[in-house]
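The structure appears below as structure tokens.
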Amino acid sequence: MSSWFVKKRQQKTAVEEKTVRVPEGLWIKCEACKELIYRKELVNTHNVCPKCGYHFRIGVDERLENLMDDGWTPLFGNLRSADPLGFVAMKSYKDQLKKLDEAGQTEDAVVVVEGTLSGHPVVSAIMNFDFLAASMGSVVGEKLRLGAERALEKQCAYLIVSCSGGARMQEGTLSLMQMAKVSAALAKLDKAGLPYLSILTDPTTGGVSASYAMLGDLNIAEPKALIGFAGPRVIEQTIKQSLPEGFQRSEFLQAHGMVDKVVNRDHLKDFIAACLAWMMPTPRD
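The opening position of the sequence shown corresponds to residue 171 in the working numbering, with each subsequent residue numbered one higher.
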């Protein structure tokens with residue numbers, strides 16, 4: 171081997187030895203501006219990109235921490251999905267549920283709690299995208315109905331934070347029935363004069379958007395959240411036309427009267443509290 175190759179190999183080895191390997195998971199790429207963000211920096215911004223304002227999807231625990239005061243109580247945690255149709259496709263529905271349960275996902279696709287938000291008594295339902303894309307099955311519908319009943323019993327406001335791919339295909343028509351069931355429960359709140367606030371996050375689609383997600387006394391969305399029934403690509407393929415820029419995003423829906431307000435995540439709790447102060451009696455000490 172020539173001395174030139176030996177020298178090049180030695181130089182390459184020296185460079186590799188000096189290379190500092192960055193541990194995985196320290197950085198994350200923003201899906202909007204494509205900039206690299208130090209993951210710990212997102213903790214201080216409620217998982218909002220500090221460069222472009224893109225709202226990353228967050229889990230149930232963080233959502234509850236952002237919205238609720240300390241001391242909330244979980245409700246209806248004993249309900250579990252069954253496999254009424256014996257559904258089998260590429261994966262068995264029963265096996266999917268078993269794996270989720272083993273992974274600690276025991277609350278199905280929605281978590282319902284009662285507590286206070288800036289001192290205002292509320293019942294809150296937070297959809298969990300990590301559970302089958304927060305699809306709406308029988309348990310989701312039942313927990314949302316029970317949440318509305320609890321708000322009626324407590325004479326307090328009801329909040330639902332939607333983040334869902336739509337109705338759960340593994341339960342067929344039983345999933346679609348939840349649209350009517352939850353809507354009927356929300357009608358009872360309306361009749362009693364109790365506010366229902368719908369918080370729309372990315373994504374809110376399918377049967378969820380076609381029912382309770384758009385029935386709020388106030389429909390409040392996070393910036394640039396995808397909100398709609400069918401996806402933009404499906405619509406374009408169906409109508410054979412290009413869609414307007416920003417179609418099915420929060421700001422577009424607000425401009426066309428389907429969303430009342432687009433609110434940044436770090437201001438969301440204060441905005442809801444201000445709404446409740448106007449819609450409900452002053453909270454007791």
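Beta carbons: idealized from backbone N, C-alpha and C, even for Gly.
Expressed to the nearest angstrom, what Euclidean distance is found between the alpha-carbon atoms of Asp-372 and Ala-391? Rounded to the nearest angstrom, the gap between the Cα atoms of Asp-372 and Ala-391 is 9 Å.
Suppose you measure from the CA of Leu-249 to the CA of Gln-411; what does that come to, to the nearest Å? Taking the straight line from one Cα to the other gives about 44 Å.
Kindly give me the distance between the Cβ atoms of Ala-318 and Ala-355, rounded to whole angstroms, as I take these residues to be in contact under 8 Å. Here Ala-318 really is in contact with Ala-355; their C-beta atoms are around 4 Å apart, less than 8 Å.
Using C-beta distances below 6 Å, list every residue in its chain close to Cys-222, excluding the 5 sequence neighbours before and after it, in chain order. Non-local C-beta neighbours of Cys-222 in its own chain, meaning closer than 6 Å and more than five positions away in sequence, comprise Ala-202, Cys-203, ordered along the chain.
With three or more beta-carbon pairs closer than 8 Å as the criterion, would you say the stretch 291 to 304 touches the stretch 226 to 235? Using a C-beta cut-off of 8 Å, the stretch 291 to 304 makes contact with the stretch 226 to 235, since at least three inter-stretch Cβ pairs fall below that distance.
Report the residue from Asn-236, Leu-385, Ala-350 whose alpha carbon sits nearest the alpha carbon of Leu-216. Here residue 216 turns out to be His, not Leu, going by the sequence shown. Taking the Cα of His-216 as reference, the smallest distance to any Cα among Asn-236, Leu-385, Ala-350 is reached at Asn-236.
Where do the ends of the alpha helix (DSSP H) carrying Ser-294 lie? For Ser-294, there is no enclosing alpha helix (DSSP H); the enclosing beta strand (DSSP E) covers residues 290 to 297.
In the structure shown, what three-state DSSP assignment does Thr-408 receive? Annotated three-state conformation of Thr-408 is helix, per DSSP.
Three or more beta-carbon pairs under 8 Å between the stretch 392 to 409 and the stretch 365 to 383, yes or no? Yes: the two stretches touch, three or more of their Cβ pairs being nearer than 8 Å.
Helix, strand or coil for His-437, going by three-state DSSP, please let me know. In this structure, His-437 counts as helix in the three-state DSSP scheme.
Which residues in the same chain as Leu-446 place their Cβ atom closer than 6 Å to its Cβ, once the five residues preceding and following it in sequence are excluded? The beta carbon of Leu-446 is closer than 6 Å to those of His-290, Ala-327 in its chain, skipping five residues each way along the sequence.
Given a cut-off of 8 Å, decide if Val-218 and Asp-387 are closer than it, judged by their beta-carbon atoms. Inclusion of Asp-387 and Val-218 in the CB contact set at 8 Å is not warranted, their separation being larger than that value.
Among Thr-343, Leu-267, Leu-385, whose alpha-carbon lies nearest the alpha-carbon of Leu-359? Ranking Thr-343, Leu-267, Leu-385 by Cα distance to Leu-359 puts Leu-385 first.
Over the uninterrupted alpha helix (DSSP H) stretch that includes Asp-300, give me the two end residues. Annotation: Asp-300 is outside any alpha helix (DSSP H) and is labelled neither H nor E by DSSP.
Beta-carbon within less than 8 Å of Arg-191's beta-carbon, same chain only, minus the 5 sequence neighbours each way: which residues are those? Only weak support exists for where Arg-191 lies, its pLDDT of 49 falling under 50; the coordinates are left without a value.
Would you mind sorting Met-306 into buried or exposed? The rule is 16 or more other CB atoms within 10 Å of its CB. The residue in question, Met-306, is buried, as its Cβ has 16 or more Cβ neighbours within 10 Å.
Val-185 - DSSP class collapsed to helix/strand/coil: Low confidence applies here, because Val-185 scores a pLDDT of 45, under 50, leaving its location unreliable; read the following figure in that light. In the structure shown, Val-185 sits in a helix (DSSP, three-state: H, G or I).
Please report the straight-line C-alpha distance between Ile-409 and Ile-369, rounded to a whole angstrom. Taking the straight line joining both Cα atoms gives about 30 Å.
Taking all protein chains shown into account, do 16 or more other C-beta atoms lie within 10 angstroms of the C-beta of Asn-389, making it buried, or fewer, making it exposed? With at least 16 other beta carbons inside 10 angstroms of its own, Asn-389 counts as buried.
For Gly-376, report the span of its alpha helix (DSSP H) as first-last. The continuous alpha helix (DSSP H) containing Gly-376 extends over residues 376 to 379.
Other residues of its chain near Ile-330: CB distance less than 6 Å, five sequence neighbours each side excluded: Only Ala-295, Ser-368 meet the Cβ criterion.
Straight-line gap, Gly-401 to Ser-420 (C-alpha atoms, nearest Å): Cα to Cα, Gly-401 sits roughly 14 Å from Ser-420.
Fully enclosed by the stretch 200 to 231, which alpha helix (DSSP H) runs are 4 residues long or longer? Entirely contained in the stretch 200 to 231, the alpha helix (DSSP H) runs reaching 4 residues are, in chain order, 209 to 213.
Measure the alpha-carbon distance for Lys-439 versus Val-283 and round it to whole angstroms. About 16 Å.
State yes or no: is the C-beta of Tyr-224 within less than 8 Å of the C-beta of Gln-340? For the 8 Å CB-CB criterion, Tyr-224 and Gln-340 do not form a contact.
Under 8 Å, do Leu-255 and Gly-342 count as touching if we go by C-beta distance? Yes, the pair counts as a contact, with Cβ atoms nearer than the cut-off.
Which residue from Pro-220, Phe-422, Ala-304 puts its Cα closest to that of Glu-277? For Glu-277, the nearest C-alpha among the options comes from Ala-304.
DSSP beta-bridge partners of Tyr-328: Paired residue(s): Val-293, Tyr-366.
Assign Gln-418 to one of two classes, buried (16 or more other C-beta atoms within 10 Å of its C-beta) or exposed (fewer than that). Answer is buried; the Cβ neighbour count reaches 16.
Applying the criterion that 16 or more other CB atoms from any shown protein chain within 10 Å of the CB defines a buried residue, is Ala-337 buried or exposed? Taking every protein chain shown into account, the CB of Ala-337 has 16 or more other CB atoms within 10 angstroms, so this residue is buried.
By the DSSP assignment, the beta strand (DSSP E) with Glu-272 in it spans what residues? Looking at the DSSP string, Glu-272 is not in any beta strand (DSSP E); the run it does join, the alpha helix (DSSP H), is 263 to 272.
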